[in-house]
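What follows is a short report on a single structure.
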Amino acid sequence: MMVVAATGVAAGSSAGQSAIRMRTHALEPAEALEVRAPVKLEAPELSLTEAVQLTVFHNPRIQLAKQDLARSLGQLQQAKGAFDHTLGLAPGFSWFNQELIDSELDQIQEFHDTLARTAETFSELHQQFVKALENDGQEPLCPAGLDFDNDDIVIGGESLATDVIIRFRGIDIDLICDSNDVRFTRRVLEAAAGSNLQIARLLEEQRSDLVERRRSQFRLRSEIAEEVSTKAALALERLGPLPMDVTSKQISIDLRWVKFFRSGISVRGDISLKSQKDNFDDKPLDPTFGRLPIQNRFPNFLTLGLVVPLGKGRGESASASERASEAGVAARRDRLRHLISAEVFRTTLSYFNLIAAWDTVLLLEESAERHRNLVEITEDLIEADEIPASQINRVRAQTAAVFESGAASRLALLDGRFGLADTIGLSVEKLVEAPLPSEGFTMAVSGEPSADVLIDLALEERRDARALSQAQDAQQFLTNAARADLKRRIDFLATGGLSTFYESPYFRYLPDEVDDPPSDTPLRFYNPRGFYRSTRRDYKPFFRVQLTFDLPFKNNVAKGRLLREQSLLTTSQIDLTDLERSVRNNVIEVRGTLGLAVAALQARRETVAHYDDTLETARARYQNGDITLVDMLITEEDLLREQLELVRDLQIYLSILSRLRFETGTIVTYEQENTSLEFVSFDPSMYVVP
109 MMVVAATGVA AGSSAGQSAI RMRTHALEPA EALEVRAPVK LEAPELSLTE AVQLTVFHNP
169 RIQLAKQDLA RSLGQLQQAK GAFDHTLGLA PGFSWFNQEL IDSELDQIQE FHDTLARTAE
229 TFSELHQQFV KALENDGQEP LCPAGLDFDN DDIVIGGESL ATDVIIRFRG IDIDLICDSN
289 DVRFTRRVLE AAAGSNLQIA RLLEEQRSDL VERRRSQFRL RSEIAEEVST KAALALERLG
349 PLPMDVTSKQ ISIDLRWVKF FRSGISVRGD ISLKSQKDNF DDKPLDPTFG RLPIQNRFPN
409 FLTLGLVVPL GKGRGESASA SERASEAGVA ARRDRLRHLI SAEVFRTTLS YFNLIAAWDT
469 VLLLEESAER HRNLVEITED LIEADEIPAS QINRVRAQTA AVFESGAASR LALLDGRFGL
529 ADTIGLSVEK LVEAPLPSEG FTMAVSGEPS ADVLIDLALE ERRDARALSQ AQDAQQFLTN
589 AARADLKRRI DFLATGGLST FYESPYFRYL PDEVDDPPSD TPLRFYNPRG FYRSTRRDYK
649 PFFRVQLTFD LPFKNNVAKG RLLREQSLLT TSQIDLTDLE RSVRNNVIEV RGTLGLAVAA
709 LQARRETVAH YDDTLETARA RYQNGDITLV DMLITEEDLL REQLELVRDL QIYLSILSRL
769 RFETGTIVTY EQENTSLEFV SFDPSMYVVP
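Positions in the sequence shown are counted from 1; adding 108 to them yields the working numbering.
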């Protein structure tokens with residue numbers, strides 16, 4: 109093999125064999141995606157087998173067709189990917205700041221005012237208890253304006269809600285003061301005693317004891333009032349200034365699984381873990397110190413959803429892109445195979461042209477050699493005075509004309525060498541690197557079947573016809589999908605799942621003030637243990653169904669798409685019909701032309717054989733002086749002309765034969781199609797001989 113690099117040749121093949129098998133990479137062209145540098149020949153002599161092999165592996169048009177197939181495979185893979193299982197993870201963080209509205213500010217302000225009023229009122233209450241205890245021996249009375257209304261304490265006409273007071277833990281509000289006047293009890297007892305001195309003395313002793321107990325109670329109540337006032341003032345100080353903004357922070361971790369089916373149905377599963385913190389700006393985490401009374405929350409959701417299209421988007425509409433892509437890949441594979449056939453055909457024509465140019469050069473060189481011999485014979489005859497000396501000029505002129513034709517033929521040979529290099533895709537940096545033929549035309553003439561048989565063979569084997577048929581199938585899928593999508597969209601959605609919720613305990617900077625400490629430790633909103641605790645809670649089910657209607661009034665998008673796809677389908681049908689018509693016509697034409705070429709070739713061979721015999725006889729007779737120089741030159745000229753015409757007829761015949769093989773799709777043959785071992789075979793034995 110006289111090339112620097114060529115790969116994919118079947119095992120056991122070599123330059124000496126008549127046929128060659130080569131990998132097409134039609135199943136997986138990604139193996140041939142690398143950009144190859146133009147190949148160079150180690151030696152200029154090239155057989156037709158080697159030329160075809162180099163064409164298959166290095167022809168730019170074939171390489172571009174492989175890339176087109178690779179793109180088509182990429183589109184198919186992309187279309188199939190729509191039905192892949194999709195698993196997505198979406199961690200996120202959000203931060204939101206909002207100004208408090210007036211009603212919220214009013215509630216907070218009211219709470220601050222209540223604490224301030226509580227501190228002030230109970231401070232005054234403490235002072236009144238102290239004054240009531242200043243009168244020794246007298247029964248102390250509840251301060252004026254102190255009363256009870258259900259669970260509220262009423263002081264001076266203003267109610268202090270018990271739920272505000274109980275925040276001062278450890279204080280029993282019922283011990284502040286009772287609502288009954290002890291003096292009323294004393295008057296009743298005195299009225300019952302009357303004038304009985306004994307009873308009166310007993311009552312006096314009881315009254316004194318009651319007064320003393322009453323004073324002890326008032327001392328305790330004075331201390332309680334003082335403690336309430338102190339704690340209310342402390343609570344107000346801990347709350348700090350009024351907040352103006354609320355900040356929300358949220359962490360979310362969403363795990364999503366989605367599966368689309370070729371029926372149009374889709375299933376989706378979600379696992380959502382969230383945590384959220386809401387608090388006033390510049391406030392600590394303890395509600396005692398002004399925190400927003402909302403705990404850090406950790407809600408979790410497990411969701412499974414089903415979407416069933418009842419109108420548009422179901423059935424073949426959902427899988428049309430994939431099915432069209434599959435047919436498109438098959439079409440591009442057949443286009444690649446047809447292009448290989450076409451480029452092999454072009455290579456054979458270029459090789460035949462190169463052989464013809466090379467044979468022409470050789471024939472003209474042989475004719476020039478015969479003319480030199482004729483000059484020597486003529487000079488000998490002139491010396492023998494058998495012909496005039498002027499005849500030598502005629503012979504030399506004819507010899508010069510042959511040399512001139514030889515120079516022109518070398519230019520044609522050079523053009524043929526670079527033409528073959530261009531067809532193959534060779535890189536030629538020097539003139540000596542341009543290819544030369546190492547084989548010649550075969551003289552065998554083969555018979556061909558009838559035109560009807562060839563037409564049937566062509567319609568069966570032509571890969572461009574197969575490609576158009578596959579493209580038509582692909583377009584049919586898209587047209588059917590466009591027609592199905594004329595329906596309105598009606599989607600049924602069913603979603604169900606389980607949810608759980610966990611709230612972290614409040615952070616306490618002074619945990620000893622809490623009556624009933626929580627069993628769990630408080631967690632910040634970004635603590636992973638919050639998510640874990642949430643998953644350990646009870647799960648509650650939820651379910652939702654929904655119908656979605658999409659009702660475009662004129663539906664122009666779907667109608668326009670259908671019209672476009674129908675037009676493309678009709679175009680593909682026209683292309684296929686026209687190609688089949690063209691194939692039939694070409695086969696009939698080429699088959700008829702081949703018969704004429706065979707007849708002309710056979711007649712030319714007989715003519716050349718006669719001229720060969722005539723030339724040998726004429727040379728002997730010319731040396732003996734039996735014929736004139738003119739007769740000798742005419743015979744030589746006629747032989748050269750017929751030899752050149754024979755070369756031309758051979759080129760025409762083999763070119764027509766090659767075209768007939770191309771038109772019938774048999775110039776190359778394919779084995780193990782659509783497998784990784786697919787091969788293309790070419791047999792040059794019907795065209796050339798070593």
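Even glycine gets a Cβ: it sits at the ideal position worked out from N, Cα and C.
Per the DSSP secondary-structure output, Ser793 pairs with nothing in a beta bridge. In this structure Ala426 is in contact with Gly372, their Cβ atoms being roughly 4 angstroms apart against a cut-off of 8 angstroms.
Spatial neighbours of Arg729 in its own chain (CB-CB distance under 8 angstroms, excluding positions within 5 residues in sequence) are listed in chain order as Ile735. The Cβ atoms of Asp442 and Gln584 do not sit closer than 8 angstroms to each other. Sequence-distant partners of Pro798 (beyond 5 residues in either direction) whose C-beta falls short of 6 angstroms from its own C-beta, in its chain, are Glu547. DSSP, read as helix, strand or coil, puts Thr783 in coil. Taken through DSSP and simplified to helix, strand or coil, Arg422 comes out as coil. The beta-bridge partner set that DSSP reports for Phe406 consists of Tyr610. Per DSSP, Lys662 is not a residue of any alpha helix (DSSP H), being assigned neither H nor E. Its Cα nearest to that of Tyr761, the residue Phe549 stands out among Phe549, Ala529, Arg616. Counting every other CB atom within 10 Å of its CB across the protein chains shown gives Met551 a total below 16, marking it as exposed. Burial of Met740 is indicated by the presence of at least 16 other C-beta atoms within 10 angstroms of its C-beta.
Distance from the CA atom of Ile682 to the CA atom of Tyr778, rounded to whole angstroms, is 28 angstroms. Distance from the CA of Ala589 to the CA of Ile361, rounded to the nearest whole angstrom, comes to 38 angstroms.
Considering only Leu748, Phe165, Leu162, Leu177, the residue with the shortest C-alpha distance to Ala476 is Leu748.
Take Val164, set aside five residues on each side of it, and the residues of its chain with a beta-carbon closer than 8 angstroms to its own are Gly116, Met130, Thr132, Ile170, Ile448, Glu451, Val452, Val788, in chain order.
For Asn205, the pairing in a beta bridge is given by DSSP as Thr355. For Thr132, there is no enclosing beta strand (DSSP E), since its DSSP letter is neither H nor E.
Nearest in C-alpha terms to Leu195, of all of Ser675, Thr355, Leu363, is Leu363. Counting along the chain, Asp210 sits inside the alpha helix (DSSP H) bounded by residues 210-240. Going by beta carbons, Gln499 and Thr486 fall inside the 8 angstroms limit.
Within the same chain, and ignoring the five residues on either side of Leu184 in sequence, the residues whose Cβ sits closer than 8 angstroms to its Cβ are Glu430, Ser433, Glu434, Gly436, Val437. Between Leu213 and Ala343, the C-beta spacing is not below 8 angstroms. In this model, Ser356 and Ser330 are separated by some 44 angstroms (Cα to Cα). Note that the segment 605-613 touches the segment 629-648; at least 3 beta-carbon pairs, one per stretch, sit closer than 8 angstroms. Among the bridge pairs identified by DSSP, Ser383 is matched with Ile359.
Thr701 places its beta carbon 8 angstroms or farther from that of Leu723.
In the three-state scheme derived from DSSP, where H, G and I count as helix and E and B as strand, Ser337 is classed as helix.
In this chain, the alpha helix (DSSP H) harbouring Phe585 covers 571-592.
Distance between Gln358 and Val375, taken at the CA atoms: about 28 angstroms. Pro392 carries a coil assignment under DSSP once its states are collapsed to helix, strand and coil. A direct Cα-to-Cα measurement between Gln674 and Thr587 gives close to 6 angstroms.
In the DSSP annotation of this structure, the continuous segment of the beta strand (DSSP E) that includes Asp658 starts and ends at 648-658. Taking C-alpha positions only, Asp757 is separated from Leu765 by approximately 12 angstroms. Around Gly733, the same chain offers Leu489, Glu494, Ile495 as residues with beta carbons nearer than 8 angstroms, after the five sequence neighbours per side are excluded.
Bounds of the alpha helix (DSSP H) holding Tyr761 are 737-771.
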